[in-house]
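Those protein sequence lines, which keep their order, are chains Z and P. Residue numbering for the first sequence follows our numbering, starting at 1 and increasing by one per position. Residue numbering for the second sequence follows our numbering, starting at 300 and increasing by one per position.
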Amino acid sequence: MRTSIEENRDLSAIKKNMERSSTPGTKTIHNGRHVMEIENVSKSFFVYTNGGETVITEKKRFFSRKKPCELVALKDVTLSIDHGEFVAFLGPSGCGKSTLLRILAGFESPSNGMAKCKGACIQGPHPQRAMVFQSERAVFPWLTVESNISLGPRLQGVDSEQRKERVAKTINLIQLTGFEKSYPRTLSGGMLQRVAVGRAIVNHPEVLLMDEPFGALDAQTRNNLQDHLIRIWQSIEQTIVFVTHDIEEAAYLANRVVVFSARPGQIREIVKIDLPHPRERTSPEFLEFRNHLADLIRH
Amino acid sequence: MELRTKIAVVAIVMALGLLTVALDRASGGEQVYDQKGGPVDTWNRPMEKEFKVGEVHNPLHFMIGMAIAVAILHLLKSQFPKVIPIVLVRALTSVGVLLIAWELIVYMHFVRSVLLPPPTTVIAKLQGHWAKHYLQIHIIASIQRLFIAFFLAILTGIPLGFLIANFRRVSDYIDPLLNLIRVIPPPAWLPFAILWFGIGNPPAIYIIWLGSFFPILLNTIRGIRNTQQIHVESILTLGGKRMDVYRRVMLPSAFPTIFTGIRIGFGIGWVCLVTAELVAVDAGLGWMIEDARNLLDTPTVLGGMVVICMLGILFDTILRKTEQMIVRWQ
Numbered sequence: 001m002r003t004s005i006e007e008n009r010d011l012s013a014i015k016k017n018m019e020r021s022s023t024p025g026t027k028t029i030h031n032g033r034h035v036m037e038i039e040n041v042s043k044s045f046f047v048y049t050n051g052g053e054t055v056i057t058e059k060k061r062f063f064s065r066k067k068p069c070e071l072v073a074l075k076d077v078t079l080s081i082d083h084g085e086f087v088a089f090l091g092p093s094g095c096g097k098s099t100l101l102r103i104l105a106g107f108e109s110p111s112n113g114m115a116k117c118k119g120a121c122i123q124g125p126h127p128q129r130a131m132v133f134q135s136e137r138a139v140f141p142w143l144t145v146e147s148n149i150s151l152g153p154r155l156q157g158v159d160s161e162q163r164k165e166r167v168a169k170t171i172n173l174i175q176l177t178g179f180e181k182s183y184p185r186t187l188s189g190g191m192l193q194r195v196a197v198g199r200a201i202v203n204h205p206e207v208l209l210m211d212e213p214f215g216a217l218d219a220q221t222r223n224n225l226q227d228h229l230i231r232i233w234q235s236i237e238q239t240i241v242f243v244t245h246d247i248e249e250a251a252y253l254a255n256r257v258v259v260f261s262a263r264p265g266q267i268r269e270i271v272k273i274d275l276p277h278p279r280e281r282t283s284p285e286f287l288e289f290r291n292h293l294a295d296l297i298r299h
Numbered sequence: 300m301e302l303r304t305k306i307a308v309v310a311i312v313m314a315l316g317l318l319t320v321a322l323d324r325a326s327g328g329e330q331v332y333d334q335k336g337g338p339v340d341t342w343n344r345p346m347e348k349e350f351k352v353g354e355v356h357n358p359l360h361f362m363i364g365m366a367i368a369v370a371i372l373h374l375l376k377s378q379f380p381k382v383i384p385i386v387l388v389r390a391l392t393s394v395g396v397l398l399i400a401w402e403l404i405v406y407m408h409f410v411r412s413v414l415l416p417p418p419t420t421v422i423a424k425l426q427g428h429w430a431k432h433y434l435q436i437h438i439i440a441s442i443q444r445l446f447i448a449f450f451l452a453i454l455t456g457i458p459l460g461f462l463i464a465n466f467r468r469v470s471d472y473i474d475p476l477l478n479l480i481r482v483i484p485p486p487a488w489l490p491f492a493i494l495w496f497g498i499g500n501p502p503a504i505y506i507i508w509l510g511s512f513f514p515i516l517l518n519t520i521r522g523i524r525n526t527q528q529i530h531v532e533s534i535l536t537l538g539g540k541r542m543d544v545y546r547r548v549m550l551p552s553a554f555p556t557i558f559t560g561i562r563i564g565f566g567i568g569w570v571c572l573v574t575a576e577l578v579a580v581d582a583g584l585g586w587m588i589e590d591a592r593n594l595l596d597t598p599t600v601l602g603g604m605v606v607i608c609m610l611g612i613l614f615d616t617i618l619r620k621t622e623q624m625i626v627r628w629q
């Protein structure tokens, strides 16, 4: 108890130095820099229990005598994301950060509010907003590494020569040269996630949405892939939205960490981290940011 | 579908076609069928004289030869242990011992040869039938109707399964009907099949189709319903449309399951083929067996069974190899 108070006192000086938006949800700036705008987005589900059966629906049933239990996943989230930014959504599990990402990807629609990409309302999935999933099983096991990556351009109707060039460039970028003809069955989890990243960036998307992509990997591989991702991000100047529950991961990767509070999911604070890459995990500045984020999560 | 898959499918179809043509040539070509479509030679069954045990092949030579063959196999195994798999040696040994024992119990007069024709008699009989183009006619007749029915089952089973798996309304209306028909064993349809279609190929094709259709259909449904949500979402986020979900995700991810259905369906179709031929047709291996039974020509009955067994193994191997070739990613 005492130590945490002391820590807080120490942190207060740093907090002053940190740039962060005061209270989220008060202002939205409309200018050309914003790639994504999230305006007052709320999302709630209705849970019906009939005997032993539990049904989760998005809409309230009109003719149901039973009263559903309303589950608010997101409440009044407002946020804008700039071009080339690396934003991390951080929060305890079940805080709605993944739901928000799925709204941005277009897999789900908000119950209230609006999510926009480049000024247009998001309606359904689009290759401009490429998604990397948590599970490495999202890579198609029936296609080789090369075919997995070239599938996106093929669906866009890119002609074969240009496609070959782009695929070669991407494979080089994710450092899987030599594995072009391998089937996913023969690759490790870390390599598969790299394929998943390559498959998404080969389309040159506006935003790369990543849903805890390194969550299922061991610590060593995860650290490697984080460095990898930073290199990729720096070389192609991509906007990345990264969902994670790992505090260190968020502090290590992001420009801006959006901290969510648990149910109903709201933005607790947005922390701007202006340390240059590559970051040192043991440097005092890094640890201060980390402890600050940990404090935010804990309370 | 990948190019390799397409080439494999085309190659298999062509190989089967060539096989049919080759067998057709072997059986004397154009003379097989008369104008009504019934085989001519069927009635010229070679039965002018009965075989006696040991008339064509000497049973003693056969048994000694088999024993020597098994011994040589073991010798080879001991000399080249890496080249010959032990499983093969054991399998061939047990088959060899079975053949010797079978020949022996007839040779020692423990069993009358008419009740259990020994291998030498069966082989002699099959040789005689082959030389008279009698066996080939029946093999072709069987294979032809099997292939027609089997391809019909694939052509109907996979698309229907696809519709049922994807569209709730189709599944709700059609599922109950299919479940009613599914539990009726196909041979129970034989009387009606004959009444509707007459004696000949159509009723047999109907029965075989019925037998192989349901495994293919059910496995297609299962495979497509097991498509992972994450794969569907992946292709959507890569810019795929509805058709791409069907073509590039559901079909390949369901393919192993569908192929299992095809293999099971082929097995059941094979059973239905022989059952239908015992009753509903005037040519084919099943008919040959039934005809020989009427004449108490037991070596031909057993010979027919041996041919059916060999063909079954052949087709199953072809299907298995095809599956391994196409589903290399698993």
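Ideal Cβ positions, reconstructed from N, Cα and C, are used throughout, including at glycine. Computed from a predicted model, the values in this text were never measured in an experiment.
With fewer than 16 other Cβ atoms inside 10 Å of its own Cβ, residue 69(Z) counts as exposed. Judged by beta-carbon spacing, residue 421(P) lies beyond the 8 Å limit of residue 392(P), meaning their Cβ atoms are not closer than that value.
The C-beta of residue 435(P) comes no closer than 8 Å to any C-beta of chain Z.
Sequence-ordered contacts of the segment 144 to 164 of chain Z with chain P read 151, 152, 155, 156 [C-beta pairs closer than 7 Å]. When C-beta atoms of the segment 74 to 86 of chain Z are compared with those of the segment 97 to 110 of chain Z, three or more pairs fall below 8 Å, so the two segments count as touching. For residue 428(P), the closest alpha carbon among the candidates 598(P), 523(P), 408(P) is that of 598(P). Residues of the segment 251 to 262 of chain Z with a Cβ closer than 8 Å to any Cβ of chain P: none.
Judged by DSSP in its simplified three-state form, residue 114(Z) adopts strand. For residue 625(P), the enclosing alpha helix (DSSP H) has its first and last residue at 597 to 625. By DSSP's assignment, residue 265(Z) forms a beta bridge with 74(Z). Interface residue (Cβ-Cβ distance to chain P less than 8 Å): residue 233(Z) is not classified as such. The C-beta distance from residue 628(P) to residue 142(Z) rounds to 5 Å, short enough to meet the 8 Å contact threshold. Considering only 100(Z), 115(Z), 208(Z), the residue with the shortest C-alpha distance to residue 259(Z) is 100(Z). Nearest neighbour of residue 268(Z) by Cα position, chosen from 251(Z), 295(Z), 252(Z), 274(Z), turns out to be 295(Z).
Contact check for residue 504(P) against residue 447(P) passes: the beta carbons are separated by less than 8 Å. The contact set of residue 194(Z) on chain P, defined by CB atoms closer than 9 Å, is empty, because the minimum CB distance reaches about 15 Å.
Pairing residue 512(P) with residue 477(P), the inter-Cα distance amounts to about 11 Å. Exclusion of the five residues before and after residue 409(P) leaves no residue of its chain whose Cβ lies closer than 7 Å to its Cβ. Between residue 452(P) and residue 564(P) the beta-carbon gap is near 6 Å, inside 8 Å, which marks them as a contact.
Pairing residue 115(Z) with residue 209(Z) gives a Cβ-Cβ distance that is not under 8 Å. If you look at residue 138(Z), you'll find it isn't in any beta strand (DSSP E); DSSP assigns it neither H nor E. C-alpha of residue 216(Z) to C-alpha of residue 193(Z): approximately 10 Å in a straight line. Residue 107(Z) reaches chain P at 532, counting residues in chain order whose Cβ is nearer than 7 Å. The Cβ atoms of residue 425(P) and residue 568(P) do not sit closer than 8 Å to each other.
For the segment 531 to 554 of chain P, the set of residues with a beta-carbon nearer than 9 Å to any beta-carbon of chain Z comprises 532, 533, 534, 535, 536, 537, 538, 539, 540, 543, 547, 548, 551, 552, 554, in chain order. Between residue 418(P) and residue 398(P) a beta carbon distance of about 5 Å is seen, short of the 8 Å cut, so the two are scored as contacting. Around the CB of residue 285(Z), fewer than 16 other CB atoms lie within 10 Å, so the residue is classed as exposed.
Rounded to whole angstroms, residue 83(Z) and residue 227(Z) show a C-alpha spacing of 21 Å. Scanning chain Z for C-beta atoms nearer than 7 Å to the C-beta of residue 628(P) yields 141, 142, 183, 185, reported in chain order. Cβ proximity to chain P below 7 Å picks out 125 from the segment 109 to 125 of chain Z. In the DSSP assignment, the residues bridged to residue 82(Z) are 34(Z). With respect to residue 239(Z), residue 47(Z) sits apart: the two C-beta atoms are not nearer than 8 Å.
From the listed residues 593(P), 359(P), 558(P), the smallest Cα separation to residue 407(P) is found for 359(P). Looking at 437(P), 389(P), 550(P), 508(P), the one whose alpha-carbon comes closest to that of residue 577(P) is 437(P). The segment 574 to 594 of chain P makes no contact with the segment 532 to 548 of chain P; the number of CB pairs closer than 8 Å stays below 3. In chain order, 365, 368, 369 place their CB closer than 7 Å to the CB of residue 395(P), counting only its own chain and leaving out the 5 sequence neighbours on each side.
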